[in-house]
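Chemist:
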Amino acid sequence: MGYAPALDKRKKEFEEISVQYMNSLYNAAVRLTRDGSDAQDLVQDTYLRAYRFFDRFEKGTNFKAWLFKILKNIYINKYRKQQKLPQMVEISNVESTSSLASNITPENEVFDSLLDDDISKAIYSIPEEFRLVIILSDLESFSYKEISEILECPIGTVMSRLHRGRRLLRESLREYARKRGYVKD
Amino acid sequence: MECKYICKFLCAYLDEELSLEKAEVINEHLSWCNSCREELEIQLVLKSLVHERFGYVKAPDSLLISVISELEHAEEYRESGIQALDLIRWGTHVAQLYKDKEDLKEVLVPYISMGLEQNEMCMWITCCISEEEVKESLKSNISNIQNYIDKGQLRIISYKDWYLKNGCFDCQCTLESSFHISKQAISCGYSGIRITGDSAWLDESNWSNFMKYENQVNASMNGQKILILCTYVENRCSHDHITDVINTHKYVLSKAEDSWMIKRTC
Chain A
340 MGYAPALDKR
350 KKEFEEISVQ
360 YMNSLYNAAV
370 RLTRDGSDAQ
380 DLVQDTYLRA
390 YRFFDRFEKG
400 TNFKAWLFKI
410 LKNIYINKYR
420 KQQKLPQMVE
430 ISNVESTSSL
440 ASNITPENEV
450 FDSLLDDDIS
460 KAIYSIPEEF
470 RLVIILSDLE
480 SFSYKEISEI
490 LECPIGTVMS
500 RLHRGRRLLR
510 ESLREYARKR
520 GYVKD
Chain B
4 MECKYICKFL
14 CAYLDEELSL
24 EKAEVINEHL
34 SWCNSCREEL
44 EIQLVLKSLV
54 HERFGYVKAP
64 DSLLISVISE
74 LEHAEEYRES
84 GIQALDLIRW
94 GTHVAQLYKD
104 KEDLKEVLVP
114 YISMGLEQNE
124 MCMWITCCIS
134 EEEVKESLKS
144 NISNIQNYID
154 KGQLRIISYK
164 DWYLKNGCFD
174 CQCTLESSFH
184 ISKQAISCGY
194 SGIRITGDSA
204 WLDESNWSNF
214 MKYENQVNAS
224 MNGQKILILC
234 TYVENRCSHD
244 HITDVINTHK
254 YVLSKAEDSW
264 MIKRTC
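Same order as they appear, the protein sequences are chains A and B. What the first sequence shows, in the working numbering, is residues 340 to 524, in sequence order. What the second sequence shows, in the working numbering, is residues 4 to 269, in sequence order.
1. For Leu-508 of chain A versus Ala-461 of chain A, is the C-beta distance shorter than 8 angstroms?
2. When we look at the beta-carbon of Phe-392 of chain A and count the other beta-carbons within 10 Å, is it buried (16 or more) or exposed?
3. Under 8 angstroms between the Cβ atoms of Gly-504 of chain A and Ile-458 of chain A?
4. Mind listing the chain A neighbours of Arg-56 of chain B? Cutoff is C-beta to C-beta under 7 angstroms, in chain order.
5. Identify whether Tyr-166 of chain B lies in helix, strand or coil by the three-state DSSP scheme.
6. If you scan the region 189 to 267 of chain B from start to end, which runs of the alpha helix (DSSP H) of 4 or more residues do you find wholly inside it?
7. Within 10 angstroms of the Cβ of His-244 of chain B, are there 16 or more other Cβ atoms? Answer buried if so, exposed if not.
8. By a C-beta neighbour count over all protein chains shown, 10 Å radius and 16 as the cutoff for buried, is Gln-175 of chain B buried or exposed?
9. Alpha carbon to alpha carbon, what distance is there between Gly-495 of chain A and Ala-367 of chain A?
10. Unbroken alpha helix (DSSP H) runs of length 4 or more, entirely within the region 125 to 170 of chain B: which are they?
11. Is DSSP giving Val-97 of chain B helix, strand or coil here?
12. Thinking C-alpha only, which one of A:Ala-516, A:Tyr-521, A:Arg-513, A:Leu-490 is nearest Tyr-414 of chain A?
13. With a threshold of 6 angstroms on Cβ separation, who are the neighbours of Asn-442 of chain A within its own chain once the five nearest residues in sequence on each side are excluded?
14. Is the CB of Val-255 of chain B under 8 angstroms away from at least one CB in chain C?
15. On a CA-only basis, which of B:Leu-178, B:Cys-6, B:Tyr-8, B:Lys-258 is nearest Gly-200 of chain B? Give me that one, please.
16. Taking its Cβ as the centre, do 16 or more other Cβ atoms sit within 10 Å of His-96 of chain B, making it buried, or is it exposed?
17. Below 8 angstroms, how does it come out for the region 33 to 41 of chain B and the region 66 to 86 of chain B: are there three or more Cβ pairs, yes or no?
18. Should Phe-57 of chain B be listed as close to the ligand NAP, given that the test is whether its C-beta is under 7 angstroms from any heavy atom?
19. Measuring alpha carbon to alpha carbon, tell me which residue in A:Tyr-365, A:Glu-514, A:Asp-380, A:Arg-349 is nearest Val-449 of chain A.
20. Any idea if Gln-46 of chain B is buried or exposed, counting beta-carbon neighbours within 10 angstroms, 16 or more meaning buried?
21. Does any residue of chain B have a CB that is nearer than 8 angstroms to the CB of Gln-359 of chain A?
22. Distance, Cα to Cα, Cys-240 of chain B vs Ile-128 of chain B?
23. Residues of chain B with CB under 8 angstroms from Leu-501 of chain A, in chain order?
24. Checking 8 angstroms against the spacing of the C-beta atoms, do Leu-107 of chain B and Ile-132 of chain B come in under that value?
25. I want to know whether the region 205 to 225 of chain B touches the region 149 to 161 of chain B - three or more CB-CB distances under 8 angstroms.
26. From Val-137 of chain B to Leu-410 of chain A, what distance separates their C-alpha atoms?
27. Determine contact between the region 77 to 89 of chain B and the region 101 to 116 of chain B, defined as no fewer than three beta-carbon pairs at a distance below 8 angstroms.
28. Pull up the DSSP beta-bridge partners for Glu-44 of chain B, would you.
29. Taking Leu-230 of chain B as the query, report the chain A residues whose CB atoms sit under 7 angstroms from its CB, ordered along the chain.
30. Between B:Val-236, B:Ala-259, B:Glu-207, B:Ser-185, which has its C-alpha nearest Asn-225 of chain B's C-alpha?
31. Assuming Phe-12 of chain B and Ile-29 of chain B are in contact, meaning their beta carbons sit under 8 angstroms apart, how far apart are those beta carbons, in whole angstroms?
32. Note down, in chain order, every chain A residue with its Cβ under 8 angstroms from the Cβ of Lys-25 of chain B.
33. Just to confirm my understanding: we take Asp-89 of chain B, look at its own chain, exclude 5 residues before and 5 after, and list those with CB closer than 7 angstroms. What are they?
34. On the criterion of 16 or more Cβ atoms from any shown chain inside 10 Å, does Cys-191 of chain B qualify as buried, or is it exposed?
35. Examine chain B for any beta-carbon lying closer than 8 angstroms to the beta-carbon of Phe-450 of chain A, and answer yes or no.
36. With a cut-off of 8 angstroms on the beta carbons, I'd call Leu-43 of chain B and Leu-33 of chain B a contact; round off their distance for me.
This is the structure:
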């Protein structure tokens, strides 16, 4: 015997270190699935899979990044395909809009005056690969190295996606600002 | 140094992700270039905008409760072998809507292979695909398939010998056979049983009786170490049939744009 107490100990240890990340995981899940119920299922799936592979987690390495990597993989395999919403805004030629400083009102003031809803929509309008890097960096404050581990890509790719993602975000925010009449074409 | 080049690194500069050496180069450039300073300021605004205005959505309290409760049952979850399904708990009743044999194999080969790998007894009830075809398709995943058949871990049975054992479909008899074989699997030392059954033989005359059986499966699977995946020919199902399938299974797998996705129904 002794199997059950060992199992309990493992479960307790897992819960102790993983529960603190639930809000972060849920937040990222909501941002990815855009649906509260799917987000809850995604987080639940993440915890189940993480617990299943807890033995494979290398102690001393970054547990939060490990959880996010699991969440990202489940999202891609199971949830992304179910999304009903199309990408909202098609953005092109973003790289060519090099000088965007507004003619009259400073751009930062323009962005600041946007409604939270517009800001959310602008972020959601960015293609997912860029949105995810922005969420991991700007919301979750992961380092580029951690993001590269979560996304399983080189640091250079993280850097370029973030660069491009912020440019896309800026263009999208300007689009919403234009719609609100805050900036002129 | 050109502004275009500097701009590429402003993100990383802002995030303090550059080497000291590179950061120095940027510092020097920013000391005289107004346009890049403005660009940096905008980047900073964007970063804080995401952080402060996009904000945090707090997880509902019920999520913590349900996660902890599911972890209590973690040992009851099995690898389904199907990416779109991921882990499924014992007692899960799934349906697949398929168009042709290839669709069927795409889902059932990994599903059954995973069951065999996880020490489950597996039963493939065939209709539109022959026993030889099943064996051949499983060989792509499992080399010694005949060994599994010889020791009784894998059973390939025709629908006639399972659903129509007495010449016609008998709901109660089929249900009893499933639970009988489930007990047998446990007593032989397997973790449980994984079943897939094809319903291509169904016609309008026995549809409602079969749906009655599907409902009874749901009512009796709870707590049993059984996984059931029922397969339905999509283009032979009317709208009402599809609704029935959705109502009687926890997940329904269907193909969209070359990949399998699930509809979660309850």
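All residues carry an ideal CB built from backbone N, CA and C; glycine is no exception. A quick note: this is a predicted structure, and the numbers were derived from the prediction, not measured.
Modeler: Put simply:
1. On the first sequence, residue 508 of chain A is found 169 positions in, with the first residue counted as 1. On the first sequence, residue 461 of chain A is found 122 positions in, with the first residue counted as 1. Yes, they are a contact pair.
2. Position 53 of the first sequence, counted from the start, is the residue given in the question as residue 392 of chain A. Flag for Phe-392 of chain A reads exposed.
3. For the purposes of this step, residue 504 of chain A is taken as residue 165 along the first sequence, with counting starting at 1. For the purposes of this step, residue 458 of chain A is taken as residue 119 along the first sequence, with counting starting at 1. No, Cβ-Cβ distance for Gly-504 of chain A and Ile-458 of chain A is not below 8 angstroms.
4. As a position in the second sequence, residue 56 of chain B is number 53, starting the count at 1. Within chain A, the residues near Arg-56 of chain B are Asp-455, Ile-458.
5. The residue given as residue 166 of chain B occupies position 163 in the second sequence. Of the three classes helix, strand and coil, the one that applies to Tyr-166 of chain B here is coil, per DSSP.
6. 207 to 224, 242 to 251
7. Sequence index remark: in the second sequence, residue 244 of chain B carries index 241 (1-based). Buried, by the Cβ-count rule.
8. Here residue 175 of chain B refers to the residue found at position 172 of the second sequence. By the 10 Å Cβ count, Gln-175 of chain B comes out exposed.
9. Along the first sequence, read from residue 1 onward, the residue named residue 367 of chain A stands at position 28. Along the first sequence, read from residue 1 onward, the residue named residue 495 of chain A stands at position 156. Using only the alpha carbons, I get a separation of about 23 angstroms.
10. 134 to 142, 148 to 153, 162 to 165
11. Here residue 97 of chain B is taken as the residue at index 94 of the second sequence, counted from 1. The answer is strand: DSSP assigns Val-97 of chain B an E or B state.
12. By one-based count along the first sequence, residue 414 of chain A stands at place 75. It is A:Leu-490.
13. Taking the first residue of the first sequence as position 1, residue 442 of chain A is located at position 103. Here the model assigns Asn-442 of chain A a pLDDT of 45, short of 50, so the residue's position is not dependable, and the following value carries that caveat. Excluding sequence neighbours, Asn-442 of chain A sits near nothing in its chain.
14. Absent from the structure is chain C; the protein chains it does hold are A and B.
15. Here residue 200 of chain B refers to the residue found at position 197 when the second sequence is read from its first residue. Nearest C-alpha to Gly-200 of chain B: B:Leu-178.
16. Counting from 1 along the second sequence, the entry for residue 96 of chain B is found at position 93. By the neighbour-count criterion, in which a residue is buried when 16 or more other Cβ atoms sit within 10 angstroms of its Cβ, His-96 of chain B is buried.
17. Contact fails: fewer than three Cβ-Cβ distances are below 8 angstroms.
18. The model on display carries no ligand, and the ligand NAP is accordingly not part of it.
19. Numbered from its first residue, the first sequence carries residue 449 of chain A at position 110. Taking only the C-alpha atoms, the option nearest Val-449 of chain A is A:Glu-514.
20. Residue 46 of chain B sits at position 43 when you count from the first residue of the second sequence. Its Cβ being crowded by 16 or more others within 10 Å, Gln-46 of chain B is buried.
21. Here residue 359 of chain A is taken as the residue at index 20 of the first sequence, counted from 1. No, Gln-359 of chain A lies away from the interface with chain B (no Cβ there is under 8 angstroms from its Cβ).
22. For the purposes of this step, residue 240 of chain B is taken as the residue at position 237 of the second sequence. For the purposes of this step, residue 128 of chain B is taken as the residue at position 125 of the second sequence. Rounded to the nearest angstrom, the two C-alpha atoms are 19 angstroms apart.
23. The residue given as residue 501 of chain A occupies position 162 in the first sequence. Simply Cys-14, Ala-15, Asp-18.
24. By 1-based counting over the second sequence, the position of residue 107 of chain B is 104. By 1-based counting over the second sequence, the position of residue 132 of chain B is 129. Less than 8 angstroms separates the beta-carbon of Leu-107 of chain B from that of Ile-132 of chain B.
25. no
26. Translated into positions along the second sequence, residue 137 of chain B becomes position 134. Translated into positions along the first sequence, residue 410 of chain A becomes position 71. Their Cα atoms are separated by approximately 34 angstroms.
27. yes
28. Along the second sequence, read from residue 1 onward, the residue named residue 44 of chain B stands at position 41. Per DSSP, Glu-44 of chain B has no beta bridge partner at all.
29. In the second sequence, counting from the first residue as 1, residue 230 of chain B sits at position 227. Here the premise fails: no neighbours, minimum Cβ distance about 16 angstroms.
30. By one-based count along the second sequence, residue 225 of chain B stands at place 222. For the residues B:Val-236, B:Ala-259, B:Glu-207, B:Ser-185, the minimum Cα distance to Asn-225 of chain B belongs to B:Ser-185.
31. Here residue 12 of chain B is taken as the residue at index 9 of the second sequence, counted from 1. Here residue 29 of chain B is taken as the residue at index 26 of the second sequence, counted from 1. Correct: roughly 6 angstroms between the Cβ atoms.
32. As a working note, residue 25 of chain B is residue 22 in the second sequence. Result: empty, since nearest Cβ-Cβ is about 11 angstroms, beyond 8 angstroms.
33. The sequence position of residue 89 of chain B within the second sequence is 86, counting from 1. These residues qualify, in order along the chain: Ser-83.
34. Position 188 of the second sequence, counted from the start, is the residue given in the question as residue 191 of chain B. The residue in question, Cys-191 of chain B, is exposed, as its Cβ has fewer than 16 Cβ neighbours within 10 Å.
35. Position 111 of the first sequence, counted from the start, is the residue given in the question as residue 450 of chain A. So yes, Phe-450 of chain A belongs to the interface.
36. Along the second sequence, read from residue 1 onward, the residue named residue 43 of chain B stands at position 40. Along the second sequence, read from residue 1 onward, the residue named residue 33 of chain B stands at position 30. For Leu-43 of chain B against Leu-33 of chain B, the beta-carbon gap comes to about 7 angstroms, under 8 angstroms, which counts as contact.
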